[in-house]
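In what follows, a single structure is set out as structure tokens and then discussed.
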Amino acid sequence: MQSPDFSQNYFELFGLDPVFELDSRRLQAEQQRLQATYHPDRYISADERDKRLSTQVASWVNQAYETLQDPVKRSRYLLEISGATIPDDSSTTSDAEFLMEQIELREEVEACRHSDEPLQQCEQIETRLGQRADQLAAEFVSYFEAGELDTAMSSSRKMQFIQRIQQQLSELQFELEDN
Amino acid sequence: MALLQISEPGESNAPHQHRNSIGIDLGTTNSLVATVRSGEAVCLADEEGRSLLPSVVHFGGTGTLVGSQALELQSSDPLNTISSIKRMMGRGREDVSQLGNVVPYEFVVNAGSNVPRIHTRSGDFSAVEISSEILKALHDRAVQSTGRDIDGVVITVPAYFDDAQRQATRDAATLAGLNLFRLLNEPTAAAVAYGLDQNAEGLIAVYDLGGGTFDISILRLNKGVFEVLATGGDSSLGGDDMDHALGEWIIEQDGFGDINTGLARRILFAARDAKEVLTDANSAEIVIDHQQQRWQGRIDRDQFEALIQPLLKKTLSACRRALRDAGISKHDIGEVVMVGGSTRVPLVQAMVGEFFSREPMCDLDPDQVVAMGAAIQADILAGNKPENDMLLLDVLPLSLGIETMGGLSEKIIQRNSSIPVTRAQEFTTFKDGQTAMSIHVVQGERELVSDCRSLAHFELRGFPPMNAGAARIRVTYQVDADGLMSVSAEELTSGITADIIVKPSYGLTDVEIESMLRASMDHAREDIILRLLKEQQVEASRVIEAIDAALAQDGESLLSESEIAQIREHRDALEAVIDTASVEELKRLIKAIEDASEAYVARRMNASVKQALAGKQIDEVDV
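In order, the protein sequences belong to chains A and B.
Numbering that gives the first Met the number 0 applies: residue 0 is where the first sequence begins, and numbers increase by one.
Numbering that gives the first Met the number 0 applies: residue 0 is where the second sequence begins, and numbers increase by one.
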């Protein structure tokens, strides 16, 4: 088995330009092409070395795909390969305005539970959250392209907070639909 | 004695190098084995044409029976007849003690082991050993049916099976002497069985309702690549629960007084029969004989459906969750595949069809579809279809986490991550000179370690002693394509790799597996000697037959009387001891006949060449 170059970054591995906006169909097609080459199923009768190597490469490809597929992880990864320092997850934002926005959004999500039309209410918030995520992504792209990595990092963090609220909302929608 | 039988030209061509592979559905109630024959997946049947092998093993003290013969002994010899062993795979003492109310077996736990064993007349056996008996029986059936050795096997497991249950299944395969290509998730196997037939593209939901379990998987099929997007289900929800619901209804209908286990069992059997009748009929009669009394009743399909509706709603809730995990809407689903005997119930098909707004696919036998898919995958993994680019990309069904302070589980790999997958974590030491650490790996979605499934304690040893906080220990968690986890660790500043001692919480340790293997190899050696003897006896009778046939044909024309007498003498010597001689002795006697008839063989060759040439012009003969 020919080992791929492990020093490539995820974009290089997938043959994509290192930009935030990417073609998800192409990403998926590349993922399948890479797995078709390296997946352990292709090395069932190979020697131990190749079996181990194929598991390593296929894991790496999966990790790359997972990172590139998700907008928040993708934005962080772009910053990482551009040399920005990535703060760990536990650090908090100092943007007071954004902090307020977060608290309000969370309260709104919780309030859906007691609304007369909870599912409709959820859908409205869902739309708004989607718009907010798009807006933050656009912000990220413009800062990142201008080389303002710190500000871009702050947008990426905000995208992450919005994503968490989206997950919280989706959990609630599931609960409501189930009852 | 090949020369006595003159072979046709071209007969001895080397066979095409096709690797013989099989797929095995190792089920709770029944198991199946399938193979791909002329491009078609077929389930292999026994001599009586049955493809389902009851997953029942009987230990009789002297011999072991598997399948219907074992099943027949279940009521007369319940303690030595083991069924539903799949429920015990990868399970520990506490889990089994819960089963204790349901099954009659006597459980024992040996010192130094945490694997429960069932006490039988033939000895104490773990679930792994009992499952390996079922695997051996299926393997033997495949050898018999295909007439060849098996090069590799794919065994299916429920998608929700945790690491311990998968490890146990793999251990059973090892113990049965099988070359395991891959463990494959049952719903994925079902999708393969359908997908290749129809060459479908798009999103597929596989709804798998078995006797005791429910699985839902969402897959994306694209140009032969099956990608599992999400999987979910309920490991204690199935057709048996329908029987229970109906059984309770029967009990409500009439005061049976005290219900002992015997009566409870009879009621359950009656409920199951009624359920099956209601698949085709609109109502079913129920008769229960108990202590010279007979209870008779009738249930119609509407009543039955009202009883099972709450159960089916639970399965739909799991479907909703899987769809959400996959990030798609139920309207995106292009095909719904039905698997498992319980999907024969009309209400199941109706509710699933209504939920996904589409007619579910039930063209293939729901009992056989999983084994068929496994056979297709095995055939491809064996390399028999180099032009086929089918590829299965599966996911981890349950999150892997490690125990942190306060008994909380910190998720290392999220469920529904594509496998194989690797995650690394860095730790440091908290004491000066610390050279070891312990990691407790658990599986499950809950926050508390006590609510998750404990997989193993990993003891990492052999780090260089350093000041507290100076060591940088990278622990790597790897889940392979079978969904099995392993752990490795390295101290980064020194590059020293840790020695790892794995203490599985429920599984067998390597030492236990090894000693079982050794025991089974001892048996295997006996088996091999027996087989060699059988083969040599067959060879001996073949030689005798060939000699007799040859002598009858042309002995008198080609041999002198004394030559005939000499060959006969050797022939009779062999025949006299054919059932009693050892392998070596049989070989020696066969050789003696061969030597004695050497000249005869040469003369027969000449005669047959002359005969072939007789009456032909010289230019008709190929030279």
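Positions of the beta carbon are idealized from the N, C-alpha and C atoms, including for glycine.
- Judged by their CB atoms, S131 of chain B and A171 of chain B are nearer to each other than the 8 Å cut-off.
- For T421 of chain B, the nearest beta carbon of chain A is closer than 8 Å to its own beta carbon.
- The beta carbon of N61 of chain A falls within 8 Å of a beta carbon belonging to chain B, placing the residue at that interface.
- At a Cβ-Cβ threshold of 8 Å, M241 of chain B and S341 of chain B count as neighbours.
- Beta-bridge pairing by DSSP links A69 of chain B to no other residue.
- Contact between the stretch 120 to 135 of chain A and the stretch 160 to 170 of chain A is present: 3 or more CB-CB pairs across the two stretches fall below 8 Å.
- Rounded to the nearest angstrom, the Cβ distance from V440 of chain B to V478 of chain B is 11 Å, too far for a contact under 8 Å.
- Of all residues in the stretch 376 to 389 of chain B, only L380, G382 and D388 come within less than 7 Å of chain A when Cβ atoms are compared, listed by chain position.
- Proximity of chain B to E176 of chain A at the Cβ level (cut-off 8 Å) is accounted for by R319, in chain order.
- Going by DSSP, K590 of chain B is part of no beta strand (DSSP E) but of the alpha helix (DSSP H) stretching over V582 to A595.
- Between the alpha carbons of G122 of chain B and L179 of chain B lies a gap of roughly 27 Å.
- Looking at the DSSP output, K502 of chain B shares a beta bridge with B:H456.
- Per DSSP, R49 of chain B is not a residue of any beta strand (DSSP E), being assigned neither H nor E.
- Residues of the stretch 168 to 197 of chain B with a C-beta atom less than 9 Å from some C-beta of chain A are F180 and R181, listed in chain order.
- The stretch 288 to 296 of chain B makes no contact with the stretch 322 to 337 of chain B; the number of CB pairs closer than 8 Å stays below 3.
- Scanning the stretch 83 to 157 of chain A from its first residue to its last, the whole alpha helix (DSSP H) runs of 4-plus residues come out as 95 to 111 and 117 to 144.
- In the three-state reduction of the DSSP assignment, D331 of chain B falls in the helix class.
- In the displayed model, E446 of chain B falls within coil according to three-state DSSP, outside both helix and strand.
- When DSSP states are grouped into helix, strand and coil, L25 of chain B belongs to the coil group.
- Considering only beta carbons, the part of the stretch 297 to 326 of chain B lying closer than 8 Å to chain A consists of S316, R319, R320 and R323, in chain order.
- With fewer than three CB-CB distances shorter than 8 Å, the stretch 390 to 407 of chain B does not count as touching the stretch 71 to 79 of chain B.
- The straight-line gap separating the alpha-carbon atoms of A283 of chain B and A263 of chain B is approximately 19 Å.
- If you draw a 10 Å sphere on the C-beta of V351 of chain B, you find 16 or more other C-beta atoms in it, and that means buried.
- Judged by DSSP in its simplified three-state form, E170 of chain A adopts helix.
- L391 of chain B is bridged by DSSP to B:F225.
- Under the Cβ distance rule, A158 of chain B does not count among the residues neighbouring chain A, no pair being separated by less than 8 Å.
- Taking 8 Å as the cut-off, the beta carbon of G231 of chain B is found closer than this to the beta carbon of I215 of chain B.
- For the stretch 220 to 252 of chain B, the residues whose beta carbon sits under 8 Å from a beta carbon of chain A are, in order, N221, K222, V224 and E226.
- Here the alpha carbon of K410 of chain B sits roughly 7 Å from the alpha carbon of I401 of chain B.
- The beta strand (DSSP E) runs of length 3 or more contained entirely in the stretch 201 to 225 of chain B are, from start to end of the chain, 201 to 208 and 213 to 221.
- Going by DSSP, Q552 of chain B is part of no beta strand (DSSP E) at all; its letter is neither H nor E.
- Comparing alpha-carbon positions, the option among B:F213, B:V227 and B:T212 lying closest to R219 of chain B turns out to be B:V227.
- Contact annotation: I589 of chain B and E538 of chain B have beta-carbon atoms nearer than 8 Å.
- A contact is defined here as three or more CB-CB pairs under 8 Å, and the stretch 176 to 191 of chain B fails this definition with respect to the stretch 344 to 361 of chain B.
- With 16 or more other Cβ atoms inside 10 Å of its own Cβ, K274 of chain B counts as buried.
- Secondary structure within the stretch 240 to 302 of chain B: the beta strand (DSSP E) runs of 3 or more consecutive residues, fully enclosed, are 282 to 289 and 292 to 299 (chain order).
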